[in-house]
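Structure record follows, encoded as structure tokens.
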Amino acid sequence: MLSNNDGCIVARSNEAKALGIGMAEPFFKVKEIIESNNVQVFSSNYTLYGDFSQRVMSILQELEEHVECYSIDEAFIEFRESTPDDLEGYARRIRAMIKQYTGIPVSIGIAETKTLAKIANRIAKKKAEHNGVFVINAETDTDALLEKIEVEDVWGIGNKSALKLQYNGITNVLQLKNADDLWIRKWFGIQGIRTVTELRGVSCIALEEAPPPRQSIMYSRSFGERVTSYQYLEEAVSTFATKVAEKLRKYGLLAACVHVNLGTNRFNKLPKYYAAHAMELPQPDNATPVLVSSALEILRYIFREGYEYQKAGVLVTGLSDAETAQLKLFEQRDEKTLKLMDALDRINRRWGRTVLEPASNGITKAWTMRRDRKTPGYTTCWHEIPVVK
DNA sequence: TCTGGGGTCCTAGGACCC
DNA sequence: TCTGGGGTCCTAGGACCC
955 MLSNNDGCIV ARSNEAKALG IGMAEPFFKV KEIIESNNVQ VFSSNYTLYG DFSQRVMSIL
1015 QELEEHVECY SIDEAFIEFR ESTPDDLEGY ARRIRAMIKQ YTGIPVSIGI AETKTLAKIA
1075 NRIAKKKAEH NGVFVINAET DTDALLEKIE VEDVWGIGNK SALKLQYNGI TNVLQLKNAD
1135 DLWIRKWFGI QGIRTVTELR GVSCIALEEA PPPRQSIMYS RSFGERVTSY QYLEEAVSTF
1195 ATKVAEKLRK YGLLAACVHV NLGTNRFNKL PKYYAAHAME LPQPDNATPV LVSSALEILR
1255 YIFREGYEYQ KAGVLVTGLS DAETAQLKLF EQRDEKTLKL MDALDRINRR WGRTVLEPAS
1315 NGITKAWTMR RDRKTPGYTT CWHEIPVVK
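Count the first sequence with this note's numbering and you get residues 955 to 1343, in order.
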């Protein structure tokens, strides 16, 4: 499966992995392998994945009380007083249920801490003999298990940390678990200490059942083709600001600050330019016209003639709850605009996301991203529902 | 020709205050 | 040769996650 704009490989079947197609590899670099082996390639379709994600998550939430929806395809469940006697059997029943209701195969790892559960899950997924479920408990020879896993496979240890660890002779997870606390603190910060402590079976990364309040909302895209004209850039930034405003209203939030960034391609040899600038709004807001006009004002300020632009983005920060927002003394949110935005959202929900949009978004959409091999929105779009003939 | 997007948290360093 | 201490706040950059 490909990233946005059909740029990079972001998910692979086991068969594709076996052909040597790497994670995050640019598509054009492995095109030959793909074509000569008849590998099926799909553009990403996050609306569809989001729909299936919700189906799976709601099954978990119906079964269990303490569920953290961690990402689009992962959840943590904490068994507190409800711990079933036969954990493994219970996990297998959950797995079968999800498969039956959604057709999605999942793997389940169980352990004392999140970090160890991620390791258990990895084993469940990788070793066919476990059939999708693996439990690390008091009877498990955990040390022998950890010794066989490399540090870079631990949740919280990325590229850089793995290199640093390996350089210091720590290559497997058992060594990491037994590493010196002070040394870890010094070189890997408190995140490092948390990871190591969790490996020792002491939980210190809490379950987050209610998602923490958001700090920022961003919409940014690479363009399907290079953009040189100010007009196209303006249309793109206006469209991104529109999306951000929609998201703010969807989550019932106001933004205090708008940021815009734009840049050229980092990889080619053409002249490079990157700029980002932020502006505080007169008062926290989520109305499309306010967001769009501020974003365009920033764009005018940072735009430079003569570059081939490759991407742009709009970011809002200083988010607050729209219901309880602090407005400046004597200031009120404009009733007319509130009603207008409400009508706009209802019409777009009913008739399609871009039925009504600001004129500044333009109609050419020359810059929109490539998605040449999109999976149909089987369950999310009326025109793309599977047809039985 | 072609190299993703959206987040979070932590840290270091600078500016500023008394 | 000399060069306070303690604190806050902000920002940029790094690292990580999926």
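For each residue, glycine too, the CB sits at the ideal point set by N, CA and C.
Note that this is a predicted model, so its numbers are computed, not measured.
Just to confirm my understanding: we take residue i, look at its own chain, exclude 5 residues before and 5 after, and list those with CB closer than 6 Å. What are they?
i	result
residue 1266	1190, 1191, 1216
residue 966	975
residue 1014	1021, 1029
residue 1226	1218
residue 1079	1061
residue 1084	1078
residue 1119	1105
By the DSSP assignment, the alpha helix (DSSP H) with residue i in it spans what residues?
i	result
residue 1364	Residue 1364 falls outside the range modelled here, since the chain spans only 955 to 1343, and no answer is possible.
residue 1239	Per DSSP, residue 1239 belongs to no alpha helix (DSSP H); it is in the beta strand (DSSP E), 1228-1239.
residue 1339	Counting along the chain, residue 1339 falls outside any alpha helix (DSSP H), and DSSP gives it neither H nor E.
residue 1256	1242-1256
residue 1295	1289-1305
residue 946	Given a span of 955 to 1343 for the chain in the structure shown, any question on residue 946 remains unanswerable.
residue 1076	1068-1080
residue 968	968-972
residue 986	985-990
Based on the DSSP secondary-structure assignment, which residues constitute the bridge partners of residue i?
i	result
residue 1263	1181, 1218
residue 1063	1088
residue 917	This structure gives no information on residue 917, because the portion of the chain shown stretches from 955 to 1343.
residue 1274	1208
residue 1202	Answer by DSSP bridge pairing: none, since residue 1202 is not bridged.
residue 956	963
residue 1268	1173, 1214
residue 980	962
Just to confirm my understanding: we take residue i, look at its own chain, exclude 5 residues before and 5 after, and list those with CB closer than 7 Å. What are they?
i	result
residue 999	1328, 1329, 1331
residue 990	none
residue 1257	1184, 1187
residue 1338	1330, 1331, 1332
residue 1326	960, 997
residue 1344	Past the edges of the chain, shown from 955 to 1343, lies residue 1344, and the structure says nothing about it.
residue 1046	1087
residue 1142	1115
residue 1133	1124, 1150
residue 1197	1173
residue 1117	none
Can you give me the start and stop residues for the beta strand (DSSP E) that residue i sits inside?
i	result
residue 1087	1087-1089
Using a Cβ-Cβ cut-off of 8 Å (strictly less than) and excluding sequence neighbours within five positions of residue i, which residues of its own chain qualify?
i	result
residue 987	973, 974, 975, 993
residue 1251	1233
residue 1139	1146, 1147
residue 1228	1215, 1216, 1217, 1218
residue 962	956, 978, 979, 980, 981
residue 1076	1063, 1103, 1107
residue 1314	1188, 1189, 1192, 1246, 1250
residue 1340	1330, 1332
residue 1248	1195, 1212, 1233, 1235
residue 1310	1298, 1301, 1302
Every unbroken alpha helix (DSSP H) inside the segment 1000-1039 [4 residues or more]: Segments of the alpha helix (DSSP H) lying fully in the segment 1000-1039: 1000-1017.
Minimum length 3: unbroken beta strand (DSSP E) runs contained in the segment 1095-1183: For the segment 1095-1183, the continuous beta strand (DSSP E) assignments of 3+ residues that do not extend past its boundaries occur at 1170-1181, in sequence order.
Inter-stretch contact at 8 Å, needing at least 3 Cβ pairs: the segment 1298-1313 / the segment 1155-1162: No: the two stretches stay apart, fewer than three of their Cβ pairs being nearer than 8 Å.
At least 3 beta-carbon pairs within less than 8 Å: the segment 1227-1240 vs the segment 1207-1215: The segment 1227-1240 vs the segment 1207-1215: in contact.
Cβ pair count under 8 Å reaching 3, the segment 1287-1294 against the segment 1137-1151: Segments in contact, no.
Validate contact between the segment 1084-1101 and the segment 1116-1129 using beta carbons, cut 8 Å, 3 pairs: With a cut-off of 8 Å on Cβ pairs, the segment 1084-1101 is in contact with the segment 1116-1129, counting three or more such pairs.
Any 3 or more C-beta pairs closer than 8 Å across the segment 1054-1064 and the segment 1077-1094: Contact holds: three or more Cβ-Cβ distances are below 8 Å.
Inter-stretch contact (C-beta, 8 Å, three-pair minimum) for the segment 1169-1178 and the segment 1311-1328: Here the segment 1169-1178 lies against the segment 1311-1328, with 3 or more beta-carbon pairs under 8 Å apart.
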